[in-house]
Structures are given as C-alpha cells and as structure tokens.
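Taking the numbering used here, I'd label the letters of the sequence shown as residues 2 to 941. Quick reminder that beta carbons are idealized off the backbone N, C-alpha and C, glycines included. Quick caveat: nothing in here was measured; it's all calculated off a predicted structure. Below: the structure, in structure tokens.
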Amino acid sequence: MLLERRSELTQATSALRRAAEGEGCLLVVRGPLGVGRSTFLETVAALADAEDFLTLRAQAAAAEENFTLGVVRQLADSVLVTAPADDSGRWLRDAAAAADTAGPHVTGSVPPWSSVTPRQAPRWLTALLASMASDRPVMVMVDDLQWSDSESLLALLPSLAQRRQNRIVFVLSVLPGDVRGTRDQVRQLLEPADRTVELTALSRDGVRLLVEEACDAPPHGTFVDTLLQRSGGNPLLVKALVDEAQYQQLQPTEANCAAAAALRPERARRRLTAFLRSQPDHVRRVAYALTVLDDAADPQLVTYLAEIDDDRRAEAIDVLRLTGLVAQHSGFLIPGTLLRDLLEESMPAAERTAMRSVAAELLHRTGHPAELAAEQLMSVITLHGPQAVEILRTAADSALRRGSPRDAARYLRRALLDTSPTGPDRGRLLIDLATAERSFASAASLRHVAEAVPLLESVWERADAVTRLGPLLMDPAAFRIDSVRRAVAEELGRSDPDDWTERELALRLEAREHVLSAQDPAHVQRALRRFRELGPTPSLRTTGERELVTSLMHVAFVANAASAEELSLLCARLLERETPTPEHVHSTTPLVINILAGAGRTDGAAGWLREAHRLAQRTGGDVEQAVIRAEQALVALADGQLVHARQKVVQADALAGPDTGGLPTVCAAVLAIVALHTEEPQLAEQILTQHRLHTENQHLAALLHLARGTLAAGRGETRTALVHFQTAGRRAERIGWYNPVAVPWSSCAALMHHRLGEHEEAVAAARLEVERSRTWGAPVRLGRALVTLGRVSQGREGVTVLEEAVGVLENATNELELCKALYALGTHSETDRRRRSAALKRAHELAVGLGADALAEKIARRRDERVRGTSSATDRLTPSERKVAHLAAAGLSNTEISARLGTSSRMVEKHLTNSYRKLGIAGRPDLAQALEERGETPPT
Numbered sequence: 002m003l004l005e006r007r008s009e010l011t012q013a014t015s016a017l018r019r020a021a022e023g024e025g026c027l028l029v030v031r032g033p034l035g036v037g038r039s040t041f042l043e044t045v046a047a048l049a050d051a052e053d054f055l056t057l058r059a060q061a062a063a064a065e066e067n068f069t070l071g072v073v074r075q076l077a078d079s080v081l082v083t084a085p086a087d088d089s090g091r092w093l094r095d096a097a098a099a100a101d102t103a104g105p106h107v108t109g110s111v112p113p114w115s116s117v118t119p120r121q122a123p124r125w126l127t128a129l130l131a132s133m134a135s136d137r138p139v140m141v142m143v144d145d146l147q148w149s150d151s152e153s154l155l156a157l158l159p160s161l162a163q164r165r166q167n168r169i170v171f172v173l174s175v176l177p178g179d180v181r182g183t184r185d186q187v188r189q190l191l192e193p194a195d196r197t198v199e200l201t202a203l204s205r206d207g208v209r210l211l212v213e214e215a216c217d218a219p220p221h222g223t224f225v226d227t228l229l230q231r232s233g234g235n236p237l238l239v240k241a242l243v244d245e246a247q248y249q250q251l252q253p254t255e256a257n258c259a260a261a262a263a264l265r266p267e268r269a270r271r272r273l274t275a276f277l278r279s280q281p282d283h284v285r286r287v288a289y290a291l292t293v294l295d296d297a298a299d300p301q302l303v304t305y306l307a308e309i310d311d312d313r314r315a316e317a318i319d320v321l322r323l324t325g326l327v328a329q330h331s332g333f334l335i336p337g338t339l340l341r342d343l344l345e346e347s348m349p350a351a352e353r354t355a356m357r358s359v360a361a362e363l364l365h366r367t368g369h370p371a372e373l374a375a376e377q378l379m380s381v382i383t384l385h386g387p388q389a390v391e392i393l394r395t396a397a398d399s400a401l402r403r404g405s406p407r408d409a410a411r412y413l414r415r416a417l418l419d420t421s422p423t424g425p426d427r428g429r430l431l432i433d434l435a436t437a438e439r440s441f442a443s444a445a446s447l448r449h450v451a452e453a454v455p456l457l458e459s460v461w462e463r464a465d466a467v468t469r470l471g472p473l474l475m476d477p478a479a480f481r482i483d484s485v486r487r488a489v490a491e492e493l494g495r496s497d498p499d500d501w502t503e504r505e506l507a508l509r510l511e512a513r514e515h516v517l518s519a520q521d522p523a524h525v526q527r528a529l530r531r532f533r534e535l536g537p538t539p540s541l542r543t544t545g546e547r548e549l550v551t552s553l554m555h556v557a558f559v560a561n562a563a564s565a566e567e568l569s570l571l572c573a574r575l576l577e578r579e580t581p582t583p584e585h586v587h588s589t590t591p592l593v594i595n596i597l598a599g600a601g602r603t604d605g606a607a608g609w610l611r612e613a614h615r616l617a618q619r620t621g622g623d624v625e626q627a628v629i630r631a632e633q634a635l636v637a638l639a640d641g642q643l644v645h646a647r648q649k650v651v652q653a654d655a656l657a658g659p660d661t662g663g664l665p666t667v668c669a670a671v672l673a674i675v676a677l678h679t680e681e682p683q684l685a686e687q688i689l690t691q692h693r694l695h696t697e698n699q700h701l702a703a704l705l706h707l708a709r710g711t712l713a714a715g716r717g718e719t720r721t722a723l724v725h726f727q728t729a730g731r732r733a734e735r736i737g738w739y740n741p742v743a744v745p746w747s748s749c750a751a752l753m754h755h756r757l758g759e760h761e762e763a764v765a766a767a768r769l770e771v772e773r774s775r776t777w778g779a780p781v782r783l784g785r786a787l788v789t790l791g792r793v794s795q796g797r798e799g800v801t802v803l804e805e806a807v808g809v810l811e812n813a814t815n816e817l818e819l820c821k822a823l824y825a826l827g828t829h830s831e832t833d834r835r836r837r838s839a840a841l842k843r844a845h846e847l848a849v850g851l852g853a854d855a856l857a858e859k860i861a862r863r864r865d866e867r868v869r870g871t872s873s874a875t876d877r878l879t880p881s882e883r884k885v886a887h888l889a890a891a892g893l894s895n896t897e898i899s900a901r902l903g904t905s906s907r908m909v910e911k912h913l914t915n916s917y918r919k920l921g922i923a924g925r926p927d928l929a930q931a932l933e934e935r936g937e938t939p940p941t
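And the structure:
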C-alpha cells in the first residue's frame, strides 16, 4: 500500500512518457532508511510495464560491495526475463560485438557475459541498452545505488551520459547521508539527475490510513498518535508496529496505547542491525556514544567516547540524521522513538559496559552532575575500579540533598554489588544505604545497620552507625538491632570517658536503650531514678543530652511518674532548641510532641510541625512524612480538632505502606489512639493489626483490645467489650504503664459495667481513672475521666462530678471535650431544669463553632425534646422496661432475659418495642448508647 506519494508518482510517470517519446532521462529517488524507496520503485516498475517498457533491475547490497560487476550482472540477468529468447539473444550479440567479447551463447549454465571484463563493461552495457532501446523504451532501475561496486558504477556512466539520445530512463535510489554515497562515481551518476524525488515520512492521516487498512477498523486517535510518535511516520516502522500489534492481538484502542508504545518488532530490529553493520565503524561508534550519553551528548564528549576525530563525528552525525535517528537541528538522538530504543538494545553487552564505564568517569571528570555519571553505571555488568564506587556514593549524597532517598539507595545498592563482602568499605556503604532507606524502607534500614556494624573498624564508627536510626524505628525484636546496640554501648563504655565525641555517642545510645526498654518494669524503675538524678533543670546543650532527657521523660510520662506541668516545661525547652526539619523523625523529638499533646500544652507545636512537614515534602521520604502526619494528628486531637486529626491519620496510614515496613511502633500507637478518639475503631484495629509487632508489643496489644472492645460495644456485646477493656488494662499494668493518656482502659470498662448494671464496679473503675488523671494533672485527661465518673454515678453525686468536669475543662484549651462534658451534664437525669437548658445551649454553641456537625445535631435534638416536653414522665421507661432494656443492652437474648426475670418472651418483646419507641431508635444495636444519653440508670 503506497500512501501519500501522488506527486512523486506523477514525476515518475512524466519521466517514463518522455523516454517513450524518445528523450531519456535520469530519475533519482532519495529517502531515509525505511521510508519506502523499494516500495516506490516497485510501483514505478509496474507503471513501466504498463507502458510496454523493457525493465532491467538490480538491487545493490552492502555485503556485495566488493563483488566486481555485481550490479551489471544483475541487470544482464534480467534481460532473459524481460523479453523472448530471440530478442534477448540479438541484443546480447550486439553488445558482445561492440565490446569485442567472445560470441554469445544464450543457453547453458554459464551466462556468456560472465567473460566481460571491467574494462569492457562500459562499452558492453552501452551497446546492450542501445540495442534494446531501438526496439522498445527501456528502464534501468538500481536500488540502493550507494552500495554498488565501483566497476558497475563506472560501467553505468557512459550509457547514462547518452540517455537523451536513446529511449532509456534511469531510476536510481539512494540512501541520503550514507558515506558510500560520497564516492566520486556515485556523485557522477547522481549529479546530472533530470528529476529528483524526495520521499518523506507519512503524515498523521497517512499513519491512520495504514493502521485502518491493516486492522480493518478505524483506530483511536491516541493510538495513531502513539504509533506516529514511536515511528516518526516512517512507513517501515509503522507497518512493523502494526503487524506486531496484530500478532499480539492488540486492537487500535486508547487502552492499548501503552502496550503499543512498548512493542519492539523483530523486523525493525533486524533492519536497524543490518544498517549499522553496513556502516563504517565510526558511524556505529558515534551512534552508540549518542545512546550512552543521551542528553549529555555534547560534541566533545561524543568525539572522546567514540574515539574518533571531529570530522568523522560530523560525518557520522549526518548519516544518523538522514537515517532518522538524530534530530534535524541538533546532534542528539530523537527521544522516545522506536529506533532510539532499538539502537540502545542492539549494543553488544561488552561494548555497552566498556562505553558506559568510560562515560561515567568522563562525565564526572568534566564537572557534570554526579547522578548523571552514576546513571551510566547502573546498567553495566561489572564496575571497573574504585572510581566507579566513588561516583555512585557521590551521586547518592546528591540524591539525598535533593530529597530523593530512593534514588540514593539505588546507587548505593549498585555499588554494593561490586564491593568485597567483608571489610570496612562495605560496612560504610551499608550505613550510607541504611541512612537512605530509613526514609522509605525502615525494615531494610535496620537489617543493613545490623549487617554493617561488625564490619566497621572503630567503636565510634559503630556507635555512630547505630545512632543513625532513631529510637522510633528501632523495634527491639527486629534484626538483632537491640543486641547490636547493647554490644556497642558496652564497648563504648570501656572507652575514654573524657572524649567528647564518645561521651556524646554514649548518651545517644543510652537514650535508645531507655526507649526500647520502656516496656520492662524493672528498667522503668531504673530510668526513673536516672531521670531524678538529672535534677529539675538538666543540661540540654548537646544532641546527646537532649535525646537522653527526652527518652527519660517518655518513661516518666507512660509510667505516670511525673506531672504534666513538670514534663511540659522541659518539653518546651527542648522544642526551642530543635530546628523543625524532617530529620527530627530519626531522633527522640517525636516523643516530645507526644508528651506535649498528652499534657494539652501544644502551643507552638502545630507551627513547628507545619514547617517540618513543608520541608519533608521537598526533601523527606515517606517515613518522615508519615511520622510528621502522626504527630500532627496527635496535636489536632489534643486541640479538639477531630476532623483535622482524622485526616492526618488517614494520610499517615496511606504513606506507611508495605514498602516502608509499616509505621514505627510509637506512631502506630498514636494513630490508633487518635482513631479511637475520633470514633474510628475499625481504622484503629486495621492500623494495629497491620503492624508486625502487634502481638509482641504490650502497648500495641492493649490498644488493639481497646479498639476491639469499642467495636464490640457498638454491636451491643457489652460483656465482650468489658473483657477486652479489662485485658487492655492488664496488658498496660503488666509493663508499668499507668498514665491513662497512653491506655484509657479504665473509663471504658466503667461504662460497660454501668451498662450491665454493675454500679459498684463501674464507679470503682471510673474513680481509678480519675485518680490517675489527677496524678498526671492534665486538665483534658482529668475532665474526660470526671465525665465518665459523673455518668456512672447515681443521683446528685453524678451531677456534682459533672459540674467539676465542666469546671476543669473550662480552664483547658480543648473546647470539644468541654462541649461533651456540658452535654453529659445537660442530659443527666438529676440535673435541674435551668442548669440543663443552659448546659445544652452552651454545648450546642461550642459544637457549631467547632464544626462538629454530628454532635451539634445530636445536641439540637435533645434540646428540642426538652422544649417539647417529650422527655416527660409518660415518655420515660417504666421500671420493667428499664430492666429489660439494660439486660438487652448487656447482650442477653430475649430467651435469657425471660428466664432471668421470670416472665414470658412475649412480654420481653413488648417491653423492648416500647423502649425502642420511647428512646427513638431502630433496634437493639443503638440501645446501650440511647440509654446512656437518656440518663436511664440500671435498676439496683
């Protein structure tokens, strides 16, 4: 199928007519590799046959360039095919006579013209063509003239010069730019051209028509654009791509564009390989140099890498440009094309390795970016010499500075492949790799530190390696890291105590020990003694001192062994000395944020974290961003911004995918606590169960029981929920963690006892949390505990406790908790009418101001009920209804309730139906919460 060649065929037809009328001519056909020169010549030959021309054809080939008179012999061979034996015999006899060769014998296995010598060939061919032209017009067609042997080119010159006196049209095709086309004989044949046809690439419409013809269906425009971009409109490449797409059963649809772009037709590969093989060595080497250097292919580098001079480089560029590999107005390969990709894939492996190794050193030596040089080494089989490893390390440093730890890790992993499996050099590479990986693959980072430490030479190198990992990422059970840390700390303890560097490293290692051992009750007591030894104003001048103090404060915080006031003052001092950067994630600083949030003293923390996150987005990895999002979620929760806190939880959880090794343990705990407080127990359970240590880490296990208890309570499985909450408490107390901020299990258990009608147990559990909250001293935590105690306390005592909760929270900054306390006070059955109205009004105003729409709507409904009087005595539950409702809320079935109360199942169903109507709920799942909100206390 010949597309978009109408004007070119018009020129060919005109040349044939002129020749038929007695005036021969020369038609030159030019065009790059694969543009369709041979197909065009086939069409011209068909036109000549239609005009009753005698056609002699020859196809020159690079492999036959040294075959003497090869093209002339092909032309002579075609004489026998062109005409009957009598005519051909006569023409050959005329040619033999003119050239003084032996008498012709047109039969036999050896053609009679085989004896023609190069000296005789010009006269012989001229006479042959003249004899043929006397009978009928003649067309002499030679494809790929640039590859013709020199003797044939010389033989063609005389007859070409006499073309105008004979009815002969010469059609010669040539590949522009080919160095063989610059030979004198070729130029002499082409320069007198009467007409020149330049074949160009297909347009978009041409590509579309070709695809439509092949696929027998209209292609999608994007599919056409893909093939056009990949082929450059080259007909050979378009056809090869279409054939390959059909072979792979790819329809010309938009969905298959990516698959079409990835096709590598073998036909195109063979054609390009044959072309490169046919070219002089310097053309091939320049093509490979351009491929290797890519965007860095300036002329001097190409010349050096190809090991040629400037003239040969310029000549090779011209050839490659006319072939369609190099852009028209630059010296670079055209990106994204099929030819570009096939060229790279066609490079022999040994040559690619050698050339890329030289290119890497050349780029590095000439001041190009280190990463550009390193990319050359990423695909070589073997690195050559220490210089290559140094280039990769320099590139890794550059990648880290621009905020791409994944690229840094790529370079370092490649360097490790050719590094000795033992020795300090490998150890240092592993530490550099771990430093990069800690930003996106914390598990791999731990593993590589553990592998590297034994290889390092000095104790301070080993200590520095361990401190590269922040305590948040150092899970005790992971990859022996805790035993490695302990061994290094012991070795460092035997070193010079007066050495400042080693003292600083010792403090940082001690800080990690306190964080990692915070779930060991015996170590908790030792850490608390160490904390008291530092005094009320410990030194915070150095990083080691700040990390030590922070780790000890963390232990005091979870053990509830220091007040919120004391710890928050120290935390404020610490935060003032820390710069808000993503790297703080790899220190103890996140524990400072944790304590401040737990104390409700978050002034300045939100702005500090915003700046840290801004930098993390630019230069940090997934781990840094995930941890900072967790910190922001905790601060938002402490400030009562539930929507903001929930958003940060989702963002952090999304960042901490499987590639990162999951969230650090402390962060998983933080996000679970936030999810629980934002009424997302399912999310909390998901975060915790995905963590690899959720069964080994007692804190995570306790929080998981909290989440499952909350879910069970929501399903109305009160007894199951109580068991989960009590198990959470046992887990927390087993490790000496008594601060209710860390595991608020007791208040949850109190509410479940209350639902079950276990009044004394409910009050005892609630008072335990109030006592511990008073010890901690944070107003928000104490206010929450008092609200729970007020809800489970009977009579006026409950109102008194709730009034205290409101008073405490009035002095805090968390308006959401104040809103909840006011709501609890306004819905308590013993609160007097005026106070109830005022409390609900204030609660509603706070909820609206906070944007807590669901809570505001809930409060509004209760206010409306009060105004309409729908909570009058006629709408309250009767004692029997209250008994049945509370037993149902505790998880008992109708049959079990009937047996316990000694009444019929029908009567149980009637009481439940009445209870649902009066409470305004759909059924049993909402029963427990509705009873609490109505203040319907269980019967004694």
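Local conformation of residue i per DSSP, three classes
{"i": "L4", "result": "coil"}
{"i": "P105", "result": "A caution first: P105 carries a pLDDT of 45, below 50, which makes its placement in the model unreliable, though a value can still be read off. Coil, per DSSP."}
{"i": "V644", "result": "helix"}
{"i": "T871", "result": "Only weak support exists for where T871 lies, its pLDDT of 47 falling under 50; the value from the coordinates is given anyway. Of the three classes helix, strand and coil, the one that applies to T871 here is coil, per DSSP."}
{"i": "S110", "result": "In this predicted model, S110 has a pLDDT of only 41, less than 50, meaning its place in the structure is not dependable; the value taken from the coordinates is given anyway. S110 falls in the coil class under three-state DSSP."}
{"i": "L173", "result": "strand"}
{"i": "R31", "result": "strand"}
{"i": "A890", "result": "helix"}
{"i": "L470", "result": "coil"}
{"i": "D499", "result": "coil"}
{"i": "G662", "result": "Below a pLDDT of 50, predicted positions are generally treated as unreliable, and G662, at 49, falls in that range; no measurement from the model is reported."}
{"i": "F441", "result": "coil"}
{"i": "I922", "result": "coil"}
{"i": "V550", "result": "helix"}
{"i": "S89", "result": "helix"}
{"i": "D604", "result": "coil"}
{"i": "T127", "result": "helix"}
{"i": "L535", "result": "coil"}
{"i": "P281", "result": "coil"}
{"i": "W738", "result": "coil"}
{"i": "L541", "result": "coil"}
{"i": "T11", "result": "helix"}
{"i": "P253", "result": "coil"}
One or two residues paired with residue i in a DSSP bridge
{"i": "A59", "result": "V143"}
{"i": "C668", "result": "In the DSSP output, where bridge partners are listed per residue, C668 has none listed."}
{"i": "C26", "result": "V170"}
{"i": "V327", "result": "L334"}
CB contact flag (residue i, residue j, <8 Å)
{"i": "H845", "j": "G799", "result": "no"}
{"i": "L373", "j": "A297", "result": "yes"}
{"i": "L340", "j": "L326", "result": "yes"}
{"i": "V650", "j": "A598", "result": "no"}
Complete runs of the beta strand (DSSP E) confined to the segment 184-222 [at least 3 residues]: 196-199
Touching by the beta-carbon criterion (3+ pairs, under 8 Å), the segment 685-704 and the segment 767-786: no
The segment 615-627 touching the segment 434-446, judged by at least three CB pairs closer than 8 Å: yes
Meets three-Cβ-pair contact criterion under 8 Å: the segment 710-722 and the segment 749-765: yes
Sufficient close CB pairs (3 or more, under 8 Å) joining the segment 643-656 to the segment 612-619: no
Cβ pair count under 8 Å reaching 3, the segment 63-75 against the segment 143-151: Contact check between the segment 63-75 and the segment 143-151: three or more CB pairs, one atom from each, fall below 8 Å, which counts as touching.
Contiguous alpha helix (DSSP H) assignments of at least 4 residues, all confined to the segment 338-387: 339-347, 350-366 and 371-378
At least 3 beta-carbon pairs within less than 8 Å: the segment 776-783 vs the segment 600-615: yes
contact_flag[the segment 508-519, the segment 459-475] where n(CB pairs < 8 Å) is 3 or more: yes
At least three beta-carbon pairs within less than 8 Å, the segment 45-58 to the segment 2-22: yes
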